[in-house]
Every structure is written in C-alpha cells, then in structure tokens.
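Single-structure report; data block below.
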Amino acid sequence: MAESDNIVAETAEKIFADLADAQTINRDKDGSWKTPLWTALNEAGLPLSWVPEDCNGSGASLADGFSVLSSAGRFAVAVPLAETMLAGWLLAQARIASPEGAMTVAPAGPRDRITLNADGSLTGRARGVPFAKEAAHLAVLAHDGKGWSIALVDAKSCRTDASLNLGGDNSDTVTFNNTKPLTAKPAPKGFDQNTLLLMGCVARSLQIAGALESMLDISVRYSNERVAFEKKISKFQAVQHNLAKLAGEAAAALAAATSAADSIVNATSFDDAVFLEAAAAKIRCAEAAEKGAAIAHQVHGAIGFTIEHILHRYTLRALAWRDDFGNESHWAVELGKMVAARGADELWPLVASR
Numbered sequence: 012m013a014e015s016d017n018i019v020a021e022t023a024e025k026i027f028a029d030l031a032d033a034q035t036i037n038r039d040k041d042g043s044w045k046t047p048l049w050t051a052l053n054e055a056g057l058p059l060s061w062v063p064e065d066c067n068g069s070g071a072s073l074a075d076g077f078s079v080l081s082s083a084g085r086f087a088v089a090v091p092l093a094e095t096m097l098a099g100w101l102l103a104q105a106r107i108a109s110p111e112g113a114m115t116v117a118p119a120g121p122r123d124r125i126t127l128n129a130d131g132s133l134t135g136r137a138r139g140v141p142f143a144k145e146a147a148h149l150a151v152l153a154h155d156g157k158g159w160s161i162a163l164v165d166a167k168s169c170r171t172d173a174s175l176n177l178g179g180d181n182s183d184t185v186t187f188n189n190t191k192p193l194t195a196k197p198a199p200k201g202f203d204q205n206t207l208l209l210m211g212c213v214a215r216s217l218q219i220a221g222a223l224e225s226m227l228d229i230s231v232r233y234s235n236e237r238v239a240f241e242k243k244i245s246k247f248q249a250v251q252h253n254l255a256k257l258a259g260e261a262a263a264a265l266a267a268a269t270s271a272a273d274s275i276v277n278a279t280s281f282d283d284a285v286f287l288e289a290a291a292a293k294i295r296c297a298e299a300a301e302k303g304a305a306i307a308h309q310v311h312g313a314i315g316f317t318i319e320h321i322l323h324r325y326t327l328r329a330l331a332w333r334d335d336f337g338n339e340s341h342w343a344v345e346l347g348k349m350v351a352a353r354g355a356d357e358l359w360p361l362v363a364s365r
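If you want our numbering, it's the position in the sequence shown, counting the first as 1, plus 11.
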C-alpha cells in the first residue's frame, strides 16, 4: 500500500475511533453522535474522496477511497459515507460538480431503471436506495432509449418512501414522477448501469470484509473473557474450531474485496476481468457475512442479538449490505452468463490471469 493510502486510512481510522465508538453509539438513543462524525468526515474531505478538485472534491485516488470504505466497515458506520462517495464518483464521470452535504445513488439495484424523458425530466422508481431519506441530493443514472445519462437531483423534488434495512438504516424507495434534475449530462462511452452496480458491489464488499474483521476481534476477545466450567471458553475445542472458521471467512472476504478493489484501481475500463472480480467479491463476501454472523453469535451464546450488545451493529449491517447493488444470487447468475458467453476455452485463462 502506498504512503498516501496509509495517510487516508489513518485519518479515517482516527475519526471513526474518536467519534464512532460502537458502545457510545449503542447508548445514544437520539442520534446526537451523527452530526459531529459527519462534520469531521466533511472537514477531512472523505465523503468526496473520488471527486476531482475542479468538481468540488478532494481529488483522492480510487485506492484512497477504497481504504476509507474498509475502515468504515470495521466500525459499521451508519452514516451515508459510502453512498456520498459513490454519488460523487458517478457525478464526476460526467464532470458534474458535487454539492455539499450527504448524497446517495439511484438506482441501487438491477431490477430498477430510471428513464430520462425527451423534456429532460426523470421518470421511474428505485427501491432499496440507501440513506435516501437522509440525503440532500441524488446522483441518478438514467436511460433515454438511446444511451445513458447522469443527473444531479434535489432530493426534495422526488418522493421518498422511508424503509429500514436489517441494520436499522434507511433503505428507501425513491419515485421520480417527471422530476426535473438540477443538471444532466451524457455518461461516458461504455458506462452503463452494470458499471455503477459493480462499483457499488466492491464498496459493499469492502465494508462487509471490514465488519467481519471486527466480528472476529469481538468474538476472540469475548471468548478470552467468558468463563464456563471454571475455564475460559476459548480453551474449548469446539469454540476454537468456530473461531478458526470465522477467521477463515473474514480472510476470504478481505482477499476477495481487496482483489476486486485493486482490479478497478488498475483497470482502464469495467471489462470482463473487473466484472469477474467485482461479482465474485460480492458473492463471496455475502456468503462470508452469513456464515460469519452465525458463528459470532454462537460464540457469544446469542447475547450479541440484544440491543445492549455491540455485536449486532456489525452482523446486521453486514447481512443488510448483501442486498445492496444486487445480491449474491443475482451476481452468481450474471457471472454464469458471462462465463458461458465467453466459452469453455476462455474460462481458465480468465481465472488464471487474476
């Protein structure tokens, strides 16, 4: 990792450690922790990491931004940081300047599509849009029947029906009914909805991997403190076996997510190699989230489900993140289609080159 990546990651880690402590947040019932955290993140320029300076951003590299997302996952941060980063990145593809404040992206799933009408308005519905209720603006990818366009939309100009995901965070339905965007420009050649979704997949994969690291740390620490039958439960072979499986899932998720992130950093386009890495990362990280969460709660004897314990902050968010930008079932099917279309002779060279 380059020195700049270390600086960005360390900045994010310090902010999260100071202002996003899980136990403090767990005890805060009115959400007063969010404003100081978001203010600190904004002052550090982290939400607009992927936005060039001439578009009102920080001008950080893709690798810098990915390191921030990994850190955010380790703290199970429940603010629209990843969403604002993705929105800024999407707007930057069309050289649209990012406004201040929280943003999110639409559509956030493969089933929804937004239409850009002849008069420049937007029509359509996007479900499961993360933090839409808290966002001041939306970065929207829309299709006009001929090609793709990227639009900046004031959140007040569209209807947002609030809903919550497993982690208790907003995952809302946004309806565009002849909504006039603040600005709209054509997307770059070759940029489509899959490109946006794959970028979202890698973001969520990194967050899941980070959350699994924290699940492992919390579980190991608890097993060395909890005493049963006059000895620490970490001494029991069954517990050791479970912790080893959890460590394996965390390592597999981290390897898949960072490999996908590296492939995007080093690629010139979202080609088949990036598709393979990003789709495989989402599939593997989603599987690891399911298995890892079950093991972590089993080690804790299920006390992690209680509202007083911090474990549920990580497990429930990791499970919720599986569905954003396409779940593992969707990407398994799409990956299978891509492999079949390339033919048997192309499979091994594609996999072996990674």
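By construction, the Cβ of each residue, glycine as well, lies at the ideal position given by its N, Cα and C atoms.
TODO: Would you kindly work out how many angstroms separate the C-alpha atoms of residue 344 and residue 240, rounded to a whole number?
DONE: 48 Å
Open item on the list: Do residue 315 and residue 323 have their beta-carbon atoms positioned less than 8 Å apart in this structure?
Closed with: yes
TODO: Throw me the rounded Cβ distance for the residue 125 and residue 117 pair, which I believe falls under 8 Å.
DONE: 6 Å
Open item on the list: Is it buried or exposed, residue 156, if we count other Cβ atoms within 10 angstroms and call 16 or more buried?
Closed with: exposed
Task: Proximity winner among 232, 268, 49, relative to residue 251 (alpha-carbon distances) - done: 232
Task: Start-to-end residues for the alpha helix (DSSP H) that takes in residue 208 - done: Boundaries of the alpha helix (DSSP H) around residue 208: 204-234.
Open item on the list: If you measure between the beta carbons of residue 190 and residue 254, is that distance less than 8 Å?
Closed with: In this structure, residue 254 does not lie closer than 8 Å to residue 190 by Cβ.
Open item on the list: Tell me which residues share the same chain as residue 219 and place their Cβ nearer than 8 Å to its Cβ, disregarding the 5 neighbours each side in the sequence.
Closed with: 84, 264, 268, 296, 297, 299, 300, 329, 332, 333
Task: Cβ-based burial, residue 19 [other Cβ within 10 Å; buried from 16] - done: When all chains shown are included, residue 19 counts as buried.
Task: Residue range of the unbroken beta strand (DSSP E) whose run includes residue 159 - done: 159-165
Task: N- and C-terminal bounds of the alpha helix (DSSP H) containing residue 77 - done: 73-85
TODO: Let me know if residue 359 comes out buried or exposed under the rule of 16 or more other beta-carbons within 10 Å of its beta-carbon.
DONE: Residue 359 sits exposed, since fewer than 16 C-beta atoms from the chains shown fall within 10 Å of its C-beta.
- [ ] Evaluate contact between the segment 52-61 and the segment 74-92, counting only Cβ atoms and requiring at least three cross-stretch pairs below 8 Å.
- [x] yes
Task: Distance between residue 111 and residue 144 (C-alpha atoms, nearest Å) - done: 16 Å
Task: residue 253, DSSP secondary structure in three states - done: helix
TODO: Pick out whichever of 327, 183, 294 has its Cα sitting closest to the Cα of residue 139.
DONE: 183
Open item on the list: Taking the straight line between their C-alpha atoms, what separation do you get for residue 100 and residue 62?
Closed with: 6 Å
- [ ] With DSSP as the reference, label residue 135 as helix, strand or coil.
- [x] strand
Task: Reference residue 302, options 246, 227, 103, closest by Cα - done: 227
Open item on the list: For residue 272 and residue 217, which I take to be in contact (beta-carbon distance under 8 Å), what is that distance rounded to the nearest angstrom?
Closed with: 6 Å
Task: Rounded C-alpha distance that separates residue 137 from residue 165 - done: 15 Å
Open item on the list: Can you list, in chain order, the residues of its chain with a C-beta nearer than 7 Å to that of residue 193? Leave out the 5 residues immediately preceding and following it.
Closed with: 163, 164, 165
Open item on the list: By alpha-carbon positions, which one of 48, 355, 335, 291 ends up nearest to residue 365?
Closed with: 291
Task: Beta-carbon spacing of residue 146, residue 113 below 8 Å - done: yes
Task: Simplified DSSP state of residue 280, which is helix, strand or coil - done: coil
Task: Segment contact flag, the segment 18-36 with the segment 65-82, C-beta cutoff 8 Å, min 3 pairs - done: yes
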